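K.L.:
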Amino acid sequence: MSDDMPEICVHLEEAEKRKTAAKPSDHGCKECLETGGEWVHLRLCLSCGHVGCCDNSPGRHATKHAHHTKHPVIRSYEPGEDWGYCYPDDQFLETLPARPGEAATRHYDAP
Ligand SMILES: [Zn+2]
Ligand SMILES: [Zn+2]
Ligand SMILES: [Zn+2]
C-alpha cells in the first residue's frame, strides 16, 4: 500500500473507469432553461448527462438533481475545468478526465 495517493470513493473510481461518455442534456442548466432561471456555473451529471447549475446559482439544480436521482458524481461543465465531485461521499477529485463530448468548449450563459 502506498500513502502517496489519497483514497477515493468507489463512485469516483467507477467514474474514472467509465467507458461511455455522458451526453450533456443541453448547453445550459436543464431546469433553468425550462423556467427562465439564471446560473453562474454548470455541472454535468456523469450518470445521465443532466446539466445543472452550481451551488452559487439561485437554482442549485445540479445538487438537487443528485439528491433526487441519487446520481453520485458530477464533473465541471466549464471550459478548462477537469474536476469531479461525489455527493454521497462529499469527495472532490482534482482531475476526472472528460470523455469525448463531455467537456464544455466554452462557458454557456443563460439566454
Ligand atoms: Zn462516492
Ligand atoms: Zn439551474
Ligand atoms: Zn443524473
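The sequence shown begins at 38 in this note's numbering and counts up one residue at a time. Just so it is clear, CB atoms sit at the ideal spot from N, CA and C, and this is done for glycine as well. Note that this is a predicted model, so its numbers are computed, not measured.
Please state the DSSP three-state secondary structure of Val-77.
P.N.:
Residue state, collapsed to three classes: coil.
K.L.:
In the DSSP assignment, the alpha helix (DSSP H) including Cys-69 goes from what residue to what residue?
P.N.:
Here the alpha helix (DSSP H) through Cys-69 covers 67-72.
K.L.:
Considering only the alpha carbon of each residue, which of Ser-94, Ser-113, Tyr-124 and Pro-116 lies closest to His-105?
P.N.:
Comparing Cα positions, the closest option is Tyr-124.
K.L.:
Measuring alpha carbon to alpha carbon, tell me which of Leu-83, Val-77, Thr-72 and Gly-73 ends up nearest Lys-54.
P.N.:
Nearest option by C-alpha distance: Leu-83.
K.L.:
Measure the C-alpha to C-alpha separation of His-108 and Glu-75 and round it to an integer number of angstroms.
P.N.:
If I take the Cα positions, the gap works out to 23 Å.
K.L.:
Excluding sequence positions up to five away, which residues of its chain have a Cβ less than 6 Å from the Cβ of Thr-132?
P.N.:
Result list for Thr-132: Asp-119, in chain order.
K.L.:
Taking its Cβ as the centre, do 16 or more other Cβ atoms sit within 10 Å of Pro-61, making it buried, or is it exposed?
P.N.:
So Pro-61 counts as buried.
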